[in-house]
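J.: Can you keep this structure in mind? I'll have questions shortly.
2 protein chains.
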Amino acid sequence: MSLLTVGTVAFDTIETPYGVAEKVVGGSCTYVSMAASYFTKDINLCAVVGDDFPQSELGYMKANGVNLDGLEIKKGEKSFFWHGRYHKDMIGRDTLVTDLNVLADFNPILPDSYKTSDFVMLGNLTPSVQMSVLTQMTKKPKFIALDTMNFWMDIAMQPLLKVIKKVHVLIINDEEARQLSGERSLRKAATKILTMGPKYLIIKKGEHGAMLFHKDEVFYVPALPLEEVFDPTGAGDTFAGGFMGYITSTGKPNFENMKRGIIYGSALASFCVEKFSTEGLKNLTQEEIKSRVSQFTKMVKVKI
Amino acid sequence: MSLLTVGTVAFDTIETPYGVAEKVVGGSCTYVSMAASYFTKDINLCAVVGDDFPQSELGYMKANGVNLDGLEIKKGEKSFFWHGRYHKDMIGRDTLVTDLNVLADFNPILPDSYKTSDFVMLGNLTPSVQMSVLTQMTKKPKFIALDTMNFWMDIAMQPLLKVIKKVHVLIINDEEARQLSGERSLRKAATKILTMGPKYLIIKKGEHGAMLFHKDEVFYVPALPLEEVFDPTGAGDTFAGGFMGYITSTGKPNFENMKRGIIYGSALASFCVEKFSTEGLKNLTQEEIKSRVSQFTKMVKVKI
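Right, dumping it as structure tokens:
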């Protein structure tokens, strides 16, 4: 089974109380692919970069099963760049610079080989761009996941609602779920959002874990209480990538697989935040991932 | 096995976005006893009230296994009164009135029959008062739990550290754990606090659940995603009461029983917040509690 991931491949400059990482690799597609590559080697990446993006990073992706046929490299142009500074609590952050560069007129054109991908992860982009990806698919995907943010709810709610209607799972954080639904209670928010199209809803709660809603059911995975969160950048995309990578590997997007997928996604995200940029995600062994996953199941294990 | 609970029996006026409840029953001992009474009928309550406290409420407690020999009723005086207003998010709150009344010079004198209680729940009080209770015990309790708040960390850190040293489990919220330890990471905070005396630490995270730390182990119980939180007053005390009531019923304060205790405590707290004051806690059946508990275990159940 194949996984299509559409989003950004970019540079970040990240300031945290622990230090500064200048112009390091980032972007939703980068994190999604790296996390997913631990579960499937059939990943179709669709994004745009300038010719300033390091070949070595692209080489790492390729070597890990990421097809880059859909990565547009714009000669003489610069990759998308974000510069952010995290607050002391490592949750709040200020954006200091956003240089859209090549992203300003990103119009994803899927190579033919991508158009029959079985699983689709639509990263956080303009809703109309997300929709244009779906309309290019020549085979109905088995399962589509969508990430978005409050910015699009503020300025493009109608196009956003249209694309939300087309997807199977929406992956957003608690504040986004509240804004989208107009409900403070996450249970009520979920009930409302599940009438908007998606059969499944994942609400990410950062250091408090994540929840999966489906019909009247709810599954909760807490976040591991880590000694240190070093750099939260990309944690959400890594979570989504681990989740979708695992689901793709099963071929069956049902509730039980999604529960496992959320744990795999959380485990990958816990590696991600331990180092700057994508460093924590590189060269993990299956043993390391397995051991991290077992910490999640152990943490909630109880016999009543 | 017997459970001694020391704290307040009081009146609250509560304002929430859903309405106002004027001069309703509250106080840590009230919530602790009511929750604990579903697990043990050998509860020794120690608190002080004025003669304005309704006999009917005391009658309900007595009928549910709560010994009131240690409840001092001060003639011609008024019970402790708190008036608070919750913010729209139902988490933040402002205190509008605090009338200490009888609590101003509360000096708990344990009846002889209380002095050999096996389990002790020290509610949030002046640390020196908490210590005076422990010095009155003629038999070393099997297990002592302590609740406190940031107020005492601000003005009475040394006496607080002294009483913390004497207890087996400290039950505080995330912000209190951070203040007590000076660590932002809850994992690091826990490691530090577990060197201060207690072998166990429970960190309450409100709508995000609760965590139990012991040596290198951690257990996490998420909160149920409720449709509506109607009144959060007393949720923390109810949680502590359910926890201690359950542990008392087992007689064995080990890690496995504490894990179960935290789930029972969380289940009782979820009933508590559904109604004003103690109303949600009254006249529950064992079936209702069992069914709520099974929601907690179902919510995290996954086979990897």
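For the protein sequence lines, the chains are A and B, in the order given. The numbers in our numbering rise by one with no breaks, and the one at position 226 of the first sequence is 226. The numbers in our numbering rise by one with no breaks, and the one at position 70 of the second sequence is 70. Don't be surprised by glycine CBs; every beta carbon is placed ideally from N, CA and C.
Any C-beta of chain A within less than 8 angstroms: which residues of the stretch 177-192 of chain B qualify?
T.: Arg-184, Ser-185, Leu-186, Arg-187, Lys-188, Ala-190
J.: Whose CA, out of B:Trp-82, B:Phe-53, B:Phe-11, B:Asp-89, lies closest to the CA of Tyr-18 of chain B?
T.: Nearest option by C-alpha distance: B:Asp-89.
J.: Of all the residues that make up the stretch 212-242 of chain B, which are near chain A by a beta-carbon distance shorter than 8 angstroms?
T.: Val-218, Phe-219, Tyr-220, Val-221, Pro-222, Pro-225, Leu-226, Glu-227, Glu-228, Val-229
J.: Sort B:Tyr-200, B:Ala-47, B:Met-157 by Cα distance to Gln-179 of chain B and report the nearest one.
T.: B:Met-157
J.: Looking at chain B, is there any beta carbon in it that lies within less than 9 angstroms of the beta carbon of Asp-94 of chain A?
T.: no
J.: How about Val-273 of chain B and Asp-237 of chain B: do their beta carbons lie closer than 9 angstroms?
T.: no
J.: Short check: CB of Lys-115 of chain A to CB of Lys-139 of chain A, under 9 angstroms?
T.: Yes.
J.: Spell out whether any CB of chain B is found under 9 angstroms from the CB atom of Met-1 of chain A.
T.: no
J.: Could you tell me whether the Cβ atoms of Gly-280 of chain A and Phe-271 of chain A are closer together than 9 angstroms?
T.: yes
J.: Applying the 10 Å Cβ sphere with the 16-neighbour rule, what's the burial state of Gln-56 of chain B?
T.: First, the residue type needs correcting, since residue 56 of chain B is Ser and not Gln in the sequence shown. So Ser-56 of chain B ends up on the exposed side.
J.: Residues in its own chain within less than 7 angstroms of Lys-41 of chain B by CB, not counting five upstream and five downstream?
T.: Gly-65
J.: Going along the chain, which residues of its own chain have a beta-carbon closer than 6 angstroms to the beta-carbon of Gly-27 of chain B, five neighbours each way excluded?
T.: Thr-8, Val-9, Ala-10
J.: From which residue to which residue does the alpha helix (DSSP H) around Val-229 of chain B run?
T.: It is not in any alpha helix (DSSP H) - Val-229 of chain B carries neither H nor E in the DSSP assignment.
J.: To the nearest angstrom, how far is it from the Cα of Ser-291 of chain A to the Cα of Ala-35 of chain A?
T.: 16 angstroms
J.: Any chance the stretch 97-114 of chain A sits against the stretch 128-137 of chain A, with 3 or more Cβ pairs inside 8 angstroms?
T.: In the pairwise beta carbon analysis, the stretch 97-114 of chain A is classified as touching the stretch 128-137 of chain A: at least three pairs are separated by under 8 angstroms.
J.: Which residues of chain B have a Cβ atom closer than 9 angstroms to the Cβ of His-208 of chain A, listed in chain order?
T.: Taking the beta carbon of His-208 of chain A as reference, the chain B residues within 9 angstroms of it are Lys-205, Glu-207, His-208, Gly-209, Pro-222, listed in sequence order.
J.: Classify Arg-85 of chain A as helix, strand or coil using the three-state DSSP reduction.
T.: strand
J.: Once you ignore the five residues that flank Asp-52 of chain A on each side, which residues in its own chain have a CB closer than 7 angstroms to its CB?
T.: Apart from sequence neighbours up to five positions away, the residues of its chain that approach Asp-52 of chain A with a beta-carbon distance below 7 angstroms are Lys-78, Ser-79, ordered along the chain.
J.: Applying the 10 Å Cβ sphere with the 16-neighbour rule, what's the burial state of Gly-245 of chain A?
T.: buried
J.: Report buried or exposed for Leu-268 of chain A, applying the criterion of at least 16 other Cβ atoms within 10 angstroms of its Cβ.
T.: buried
J.: Is the shortest distance between the beta-carbon of Glu-256 of chain B and the beta-carbons of chain A less than 9 angstroms?
T.: yes
J.: Quick check: is the beta carbon of Met-90 of chain B nearer than 9 angstroms to any beta carbon in chain A?
T.: yes
J.: Using Cβ-Cβ distances below 7 angstroms, what residues of the stretch 291-302 of chain A are close to chain B?
T.: Val-293, Thr-297, Met-299, Val-300, Val-302
J.: Judging by CA-CA distance, which residue of A:Phe-39, A:Asp-12, A:Asp-69, A:Ile-14 is the nearest neighbour of Met-1 of chain A?
T.: A:Phe-39
J.: Please tell me whether Glu-227 of chain B and Ser-185 of chain A are closer than 9 angstroms, where the distance is taken between their beta carbons.
T.: yes
J.: Which residues in the same chain have their Cβ closer than 6 angstroms to the Cβ of Trp-82 of chain B, if we skip the five residues on either side of it in sequence?
T.: Cβ within range, chain order: Asp-12, Thr-98.
J.: Verify whether the separation of the beta carbon atoms of Val-6 of chain B and Met-149 of chain B is less than 9 angstroms.
T.: Their beta carbons are not under 9 angstroms apart, which means Val-6 of chain B does not touch Met-149 of chain B by this criterion.
J.: With the cut-off set at 9 angstroms, would you say Phe-143 of chain B and Val-169 of chain B are in Cβ contact?
T.: yes
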